[in-house]
Structures are given as structure tokens and as C-alpha cells.
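My numbering puts the first residue of the sequence shown at 2, with every later residue one more than the last.
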Amino acid sequence: MGLSVATVSRGVSRLEERLGARLFNRTSRKLALTAFGRTIAESASRIYRDAEEVEGAARELSARPRGLIRLAVPMSFGLRWVTPLLPEFFRAYPEVSIDLHLSDATVDVVGQGFDAALRIAVSLDPSLVARRLCQVSRFIVAAPSYLERHGRPKHPRDLNGGDCLGYAYRARSDVWRLANAAGDEAVITPSGRLRVTNADALVPTVLAGLAIAELPEFIASEYLRDGRMEAILTDWTLTKGGLYFVTPEARVRPAKVEVLADFLADRLSKPAWRWPR
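Shown next, in the form of C-alpha cells:
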């Protein structure tokens, strides 16, 4: 081990003191294990071999895509755009399984023991390792029947906050922040009759022509394409966020997590939900 005799001698003396018995019989000419020392050496050797086997198995698991991934994903996004991709992923990596947690609430990736999460956000927890997959735009939308009755708003101040539906899991507060090309800014506080914890729950009330909502592009695009909803205030833009693959900070990510990150990045970096295309 490249240690001097004196260093080893002091280490052995400290160990004997801690164990309360002699490990070696020492003379100026001879060094031999005591009966106690032989027992301890045999037990320690078994523990060391077990530790080597565990380390070897861990390295193999880390280098080979296999095992369980605990993955947290926003509910609407997960149901629409992640779960349809999973059969292809499972065929490519038959030894990987996924425990999929679907919720719009922001999970504590580290504290709740997740291996990874998909986050839709403007800013992220700096303690996490993040990989940006794509931009996520948002639209203020209404049904044609609503616009026929109430007219088309030309400025954010034309919005009636009482007709605007709210979303409970916004990172800071439930407000719509808009800006235009001239640098003007406006803030709308929705105070309609419905407030939800899942954006898909806003859709029926909007389609019925009863209210206005702010929806992410990955939900709104379906209804914008077929004309059941229209984007309003298109000269103004809402703060754009991004879709991120996040993991706890670690020197080396297991292969199972790495292949999932690459797979989702490949499938979601050019999303099919873009509107207009």
C-alpha cells in the first residue's frame, strides 16, 4: 500500500485499542496473528469480498441500461405526449422499467426519491441538473362563440378578469404576464368561476364559449387547428418556458437514466404540437 512500517504500526495499535484485544503477537524478530486476530481477519476478508461484489454489480448496473426509473411528469403533458412514447422505449430497452408519477404539482426530485423528472418552467432549481428539450409556448384562447358574443379583445385591458379561468399550480402567483414588440407589459389576474389543478380541466368550459383561458401549446394546438378555439391578443406574447429533463446532481448518471434522457430529447426536441407549423 506504499505505507511506512511506522504508519502501519500506529494504525494496528489504534485498531487494537478500539477492539479491546491484541491482533498480533510482536517481537523484534517475529510477527504473528493472535487467535483473535485470525478470527477478525477471516470475517474482515469476507466483508471485503462482499463489498467488492456489490461495487462490481453497481458498476455493471450503472454502465448497462437496466433497472427501475422513478420518473415524475406533469399530468396533461405526460398523458398526451410521454405515455404514447413508452412502448417504443420499452422495446428498445427491455431491461428498464418506469414508475411514472403524473401530477401537475412540482415534486421534490431529491426529497421524494425520483431518478428524473420532466419540468415545464421558466426557471429551475439550481440544485438540479437540467437538459432543455424544447421551448413551450402558451396562448390565450377562446371559443368562436365567446368572441361572437363579447367581441375580440384588442388589448389585455379589454380582458374581463371574471371571464378568465385560473390555474392553481403556477410557480409564483396565478397571473398572466404579457408583453408586445414595443416593450409594453400587462398583467392579468384571472378570477373566473373555475380554478383548476390540471389545465385539461379548463377545456370544456372554454369550448362551451363561457370563458377565456391560458393554455400551453401542447394542449391548445389541437383545438386551434380544428377551429374550436382561437388564439387572441396574438400581438402580445406570454412568458415562454421550456421543457426540461432534470435529475439530482451526481457525478455519473446511471445508464438507464441516460438512455431515457437521450430518447426523450430525440422524440420531443421537435414537437408535433407546434402551432402554427
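Glycine included, each C-beta is placed from N, C-alpha and C at the ideal position.
Query raised in the report: Would the beta-carbon of I220 fall within 7 Å of that of I141?
Result: no
**Report entry** Backbone CA spacing between A209 and L195 [nearest angstrom]
**Finding:** 13 Å
Query raised in the report: Which residues in the same chain have their Cβ closer than 6 Å to the Cβ of V188, if we skip the five residues on either side of it in sequence?
Result: V176 and R178
**Report entry** Contact set for G193: own chain, Cβ-Cβ below 7 Å, skip 5 residues either direction
**Finding:** G163, D164, C165, L166, G167 and A212
Query raised in the report: Do the region 66 to 84 and the region 107 to 117 touch if we need at least three Cβ pairs shorter than 8 Å?
Result: They touch, by the three-pair rule.
Requested in this report: Assign K257 to one of two classes, buried (16 or more other C-beta atoms within 10 Å of its C-beta) or exposed (fewer than that).
Outcome: buried
Query raised in the report: Is the beta carbon of A131 less than 7 Å from the beta carbon of V260?
Result: no
**Report entry** Euclidean distance between Cα positions of T190 and R158
**Finding:** 11 Å
Query - Check whether P217 and V137 have beta carbons under 7 Å apart - result: yes
Query raised in the report: To which residues does DSSP link P248 through a beta bridge?
Result: The residue asked about is misnamed: residue 248 is Thr in this sequence, not Pro. In DSSP, T248 forms a bridge with V130.
Query raised in the report: Does the count of Cβ pairs from the region 92 to 106 and the region 148 to 155 closer than 8 Å reach three?
Result: Taking 8 Å as the limit for Cβ pairs, the verdict is that the region 148 to 155 does not touch the region 92 to 106.
Query - Same chain, Cβ closer than 7 Å to T206, five either side skipped, listed in chain order - result: L166, L195 and A212
Report task. Assuming P66 and V97 form a contact by the criterion Cβ under 8 Å, report the distance between their Cβ atoms to the nearest whole angstrom. Result -> 5 Å
Query raised in the report: Under the three-state reduction of DSSP, which class applies to Y168: helix, strand or coil?
Result: Looking at Y168 - three-state DSSP - the assignment turns out to be strand.
Requested in this report: List the residues that DSSP assigns as beta-bridge partners of I121.
Outcome: Per DSSP, L244.
Query - Whole-angstrom distance between A183 and W276, CA atom to CA atom - result: 23 Å
Requested in this report: Report back the beta-carbon spacing between T122 and G228 to the nearest angstrom; my notes put them in contact at under 8 Å.
Outcome: At residue 122 the sequence reads Ala, which differs from the Thr that was named. Contact flag wrong, Cβ pair sits at about 31 Å.
**Report entry** Where the beta strand (DSSP E) containing S14 begins and where it ends
**Finding:** From DSSP, S14 is part of no beta strand (DSSP E) but of the alpha helix (DSSP H) over V6 to L20.
**Report entry** Distance between C135 and P272 (C-alpha atoms, nearest Å)
**Finding:** 8 Å
Query raised in the report: In the region 62 to 114, which residue ranges form an unbroken alpha helix (DSSP H) of at least 4 residues, counting only runs that do not cross its ends?
Result: 87 to 93
Requested in this report: Just grab the DSSP bridge partners of V207 for me.
Outcome: None, per the DSSP bridge assignment.
Query raised in the report: Which residues mark the beginning and the end of the alpha helix (DSSP H) in which S145 is found?
Result: According to the sequence provided, residue 145 is Pro. The question's Ser does not apply to it. In the DSSP annotation of this structure, the continuous segment of the alpha helix (DSSP H) that includes P145 starts and ends at P145 to H151.
Query raised in the report: In the DSSP assignment, what residue or residues form a beta bridge with T238?
Result: A180
Query raised in the report: Can you pull the DSSP bridge partners for L34?
Result: Within the DSSP bridge table, the entry for L34 names F25 as partners.
Query raised in the report: Does DSSP put P277 in a helix, a strand or coil?
Result: coil
Query raised in the report: Near L32, what residues of its chain come up, given a Cβ to Cβ distance below 8 Å and the 5 sequence neighbours on each side ignored?
Result: F25 and N26
Report task. Just tell me which of P249, A251 and Y245 has its CA closest to the CA of D267. Result -> Y245
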